[in-house]
Structure formats: structure tokens, C-alpha cells
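Trainee: Residue numbers (the working numbering): 12 to 464. All C-beta atoms in this analysis are idealised placements derived from N, C-alpha and C, irrespective of residue type, glycine included. Can you read through this structure? Questions will come right after.
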């Protein structure tokens, strides 16, 4: 048992010794592969190479001449309606200038690191301070190799390139505005569209006036029929009234003559006379009551009253308004789940979408295109966008390659939500409901009691 333990211990000890020997060999190999500190001539050669690269990059840059040539042809591009082509040339120049500036910046960083290595070489006594001073007094193609001079030279070149980039970007913005003007419809087409809209409005007004005239004509016809009926009734009752008056007149004349005869005769006491006189008085008293009842209770009053209640002036107009109101309310009930379009100058946007530009007023990072407060109605927005899917003004809907999204208002995939007319139709429907209700209230107030009309 003890021999077995000794064997295991010996084996474990040999493994640890072998591991230690391998680690020492690895460290020695790493020390042997370490590169030596660079020589002074090598550092000077690198510095000269970096300065030479910057100078050659600046001298071989012909982008300024190319920009001047393209800018001189700007009137030709704008006259031919080629603002997009002009903008593409400018964007290419802008990208090339940015690339050249980036190359100069990277070379400047390398040059700065080379100067630092040269300073470390002096500290390690691998180079002489006098030789570095002599090297800094030399020049490369007219540029001193002293660090402050090379830094000023590179800084001025970068400032020139940045100013040149801003100038190119201003021209790009001018080309974009010209491109928008080219995509808009001409003045003649706008006038034609205005005339078309004006004709449509005039036709609608004409139909409304025609409807009102028809209602008034119908009301006048009803009034004329009632007047003729009353005239006929009056004409038919006039002979009966004259006959009754004639009969009453003859009766009173007869009584008067009899009374005169009795006065001319001698007075005789007779008990029957008072009875006859009383009978005559009763007859005279009762007959006018019967005559008044026959005149004051005509048989045609109830029929005319019913007709008056059913058909008064504006009756058909009111029925049309009530029918229209029912249709609008049904339309609003069907679209009660449609969200309202929010119009705001500063609509909160998600942080990852702050770079987006409004397709209509070109405001960047302030609001979405659907909430544009400058172009509120869809009609004005359609004049600014040619594509109904992505709202781009450079291509039509048929040539759009963007992903088709569903409209959040009408669930259609044929247009962008910013061009949906359903929210405007709902707002117009609410306004029309208020107008119709106000007009119906006026009807109720004016025709409160139809019999009085």
C-alpha cells in the first residue's frame, strides 16, 4: 500500500516539474520574438512619408474644379427639368470630399503618433537631441517638418474641406427645392382644377336652390287648392243665405202689416190674442238660433284641418333632412372606431425616428407626415407627393419599391395613412349633423303649430 502511494507521488511530482520547464521555455521564446525599438532613421522616414502623403492628397484634389464646372451648368439643368441629375452630381462630389477629409485626418493621427515615438526615442537615448532639431528644421516640398507647422498645415486644409462641404450641401438643398417645383403641377393645371371645383360647387348650389323652389311651388299649389275650396264653399252657401234673409224679411213685413191692421180695428177684449202674440214672440226668438247653428258648423272643417296638419310648407324639405340625418348617423356608427387624425406642430416622435423628415413641409424630427400642420387636408397633400405609398415626389405609385403598409384609418393598402380621406369625411359628417339639427330646430320653431299657417 505504501509503495503504491510513493509511486503516485513521484508521478505527480514529475508532472509538475515538466509543466514548470515548459512555462520557462515559453517565456524565453516570447522574449526572443519581441521587436527591437525603431531606429532614428526609420522614424524620420515615416514622418516624411506621412507629410508627403498629405501634400500629394491636397495637390491632386480636383474636386473644387469639378464643382465649379457643374455649378456653372446649373441653369441648363434647371431649364431642362433635370434638377435630380444635378443633385446626384453634387452628392457624389460631397461624398468624395468627405472621403478625402477622412484620409487626411487618419494620416494626421499617424503623424502625431510618429512624433510621440520620436520623443520616446530621445528619452531612451536612442537618438540625439541635436539630430532631431536638425531634422525639424528641414522641409518636405515646402512644408517644415516641425510638429507645430505640420499641425497648422493639416488643420487649415481640413477647415478648407469642411467649408467646401458646406458649400456643396447648400447647392444640394437648392437642387431639392428646384426638384419640388418641377414635381408640382403647372399653373394652368391648377387653374383648371379650380374651375372644375367651382363648377361642382355651383352645380350643388343649383340643385339646392332647385329643391327649395320645388318645395315652394308645391306649397303654393296646396294653398291655391285650399283657397279654391273655400271659395267654392262660400259660393254654394251664399244663395241659401239670401233665401233665408228674403224669407225673414217677408215674414217681418207680414207681421208688421197685421199689426197695423189690428191697430186700425177697434179694441176688443179677447183672451186668445195674448196667446197668439206669445207664440209669435217665441217663434221669432228661436229661429235665429237655428240659423246661426247651421252657419257656424260647416262639414268641411275637419277634412281641411287634417290636410293642413299633414302637408304644410317645407314638409318635404324636412323629410329630406331627416332622411339625410339618419344616413349620416349610420355612417358615423359604422366608423366610430376610426381614430382621430392628430394635427400638431410638435408631435412627440420616437428617438430612433428623430431623423425622419415630413414629406410635405420638410420639417425634420418635429412631427410625422400624418400630423403635418402646414398641409392639413388631403387635397393639398396630394399636390406635394406623387407616390401614394411612401409619399415620395420622385416616382409614381406604380414604381414604388417600398413595403406596403395598411392604413390605420380605413385598413386599405392602396395609400399611405397621411393621404386617407376617411378622417376628413367623418369631420365633415359631424359638421353636417350640427347644421341639419340646427335647421330642424328652426323648422320646429317656425312651424310649431301647423294649423296657424
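For residue 156 versus residue 62, is the C-beta distance shorter than 8 Å?
Mentor: Contact flag set, yes.
Trainee: My understanding is that residue 132 touches residue 51, with C-beta atoms under 8 Å, so please give their C-beta distance in whole angstroms.
Mentor: Contact holds; Cβ gap of about 6 Å.
Trainee: Just to confirm the assignment, what range does the alpha helix (DSSP H) spanning residue 114 have?
Mentor: Unbroken alpha helix (DSSP H) run through residue 114: 94-134.
Trainee: Does the Cβ of residue 58 have 16 or more other Cβ atoms within 10 Å, making it buried, or fewer, making it exposed?
Mentor: Residue 58 should be labelled buried.
Trainee: For residue 394, which of helix, strand or coil comes out of DSSP?
Mentor: In this structure, residue 394 counts as coil in the three-state DSSP scheme.
Trainee: Quick check: the Cα distance between residue 332 and residue 451, rounded to an integer number of angstroms?
Mentor: Answer to the nearest angstrom: the Cα atoms are 8 Å apart.
Trainee: If you draw a straight line from the alpha carbon of residue 351 to that of residue 383, how long is it in whole angstroms?
Mentor: Cα to Cα, the separation comes out at about 14 Å.
Trainee: Using the Cα positions of residue 411 and residue 355, report the straight-line distance between them to the nearest angstrom.
Mentor: Residue 411 and residue 355: Cα-Cα distance of roughly 28 Å.
Trainee: Are there 16 or more other CB atoms within 10 angstroms of the CB of residue 370, so buried, or fewer, so exposed?
Mentor: Buried.
Trainee: To the nearest angstrom, how far is it from the Cα of residue 334 to the Cα of residue 341?
Mentor: C-alpha separation (whole angstroms): 11 Å.
Trainee: Taking the DSSP output, what are the residues bridged to residue 368?
Mentor: Its beta-bridge partners are 375.
Trainee: Where do the N-terminal and C-terminal ends of the alpha helix (DSSP H) with residue 381 fall, by residue?
Mentor: No alpha helix (DSSP H) holds residue 381; DSSP gives it neither H nor E.
Trainee: What separation, rounded to the nearest whole angstrom, lies between the Cα atoms of residue 286 and residue 238?
Mentor: Here residue 286 scores only 37 on pLDDT, less than 50, and its place in the model should not be relied on; the value that follows carries that caveat. Looking at the two C-alpha atoms, the distance is approximately 50 Å.
Trainee: On the criterion of 16 or more Cβ atoms from any shown chain inside 10 Å, does residue 209 qualify as buried, or is it exposed?
Mentor: Its Cβ having fewer than 16 others within 10 Å, residue 209 is exposed.
Trainee: Residue 424 lies in the alpha helix (DSSP H); which residues open and close that run?
Mentor: Counting along the chain, residue 424 falls outside any alpha helix (DSSP H), and DSSP gives it neither H nor E.
Trainee: Along the alpha helix (DSSP H) that carries residue 86, what are the first and last residues, could you check?
Mentor: Taken as a continuous stretch (DSSP letters only), the alpha helix (DSSP H) holding residue 86 covers 85-90.
Trainee: Just reading off the alpha helix (DSSP H) that residue 145 is part of, what are its end residues?
Mentor: Residues 140-147.
Trainee: Looking at residue 398 and residue 407, is the spacing between their C-beta atoms short of 8 Å?
Mentor: Going by C-beta atoms, residue 407 is nearer than 8 Å to residue 398.
Trainee: Checking the sheet assignment: what are the DSSP bridge partners for residue 155?
Mentor: According to DSSP, residue 155 bridges with 150.
Trainee: Name the two residues that bound the continuous alpha helix (DSSP H) containing residue 453.
Mentor: Residue 453 -> alpha helix (DSSP H) spans 433-457.
Trainee: How is residue 418 classed by DSSP in three states: helix, strand or coil?
Mentor: Residue 418: coil per DSSP, three-state reduction.
Trainee: Could you please give the first and the last residue of the uninterrupted alpha helix (DSSP H) stretch that includes residue 400?
Mentor: It is not in any alpha helix (DSSP H) - residue 400 carries neither H nor E in the DSSP assignment.
Trainee: Suppose only complete runs of 4+ residues qualify. What are the alpha helix (DSSP H) ranges in the segment 14-62, listed by chain order?
Mentor: Those alpha helix (DSSP H) runs which fall completely within the segment 14-62 and span 4+ residues do not exist here.
Trainee: Just to confirm my understanding: we take residue 85, look at its own chain, exclude 5 residues before and 5 after, and list those with CB closer than 7 Å. What are they?
Mentor: Answer for residue 85: 97, listed in chain order.
Trainee: Since residue 357 is in the alpha helix (DSSP H), which residue starts that stretch and which ends it?
Mentor: Careful: residue 357 lies outside any alpha helix (DSSP H) and carries neither H nor E.
Trainee: Helix, strand or coil for residue 335? Go by DSSP, reduced to three states.
Mentor: Here residue 335 sits in helix by DSSP.
Trainee: In whole angstroms, give me the CA-to-CA distance for residue 206 and residue 425.
Mentor: So the two alpha carbons sit approximately 28 Å from each other.
Trainee: Where does residue 431 land, buried or exposed, given buried means 16+ other C-beta within 10 angstroms?
Mentor: With 16 or more Cβ atoms within 10 Å of its Cβ, residue 431 is classed as buried.
Trainee: If we count the other Cβ atoms within 10 Å of its Cβ and call it buried at 16 or more, is residue 172 buried or exposed?
Mentor: That one is buried.
Trainee: Out of 169, 153, 147 and 170, which has the shortest C-alpha to C-alpha gap to residue 159?
Mentor: Nearest of 169, 153, 147 and 170 to residue 159, Cα basis: 147.
Trainee: Going by alpha carbons, who is nearest to residue 79 out of 178, 141 and 13?
Mentor: With distances taken between Cα atoms, residue 79 lies closest to 178.
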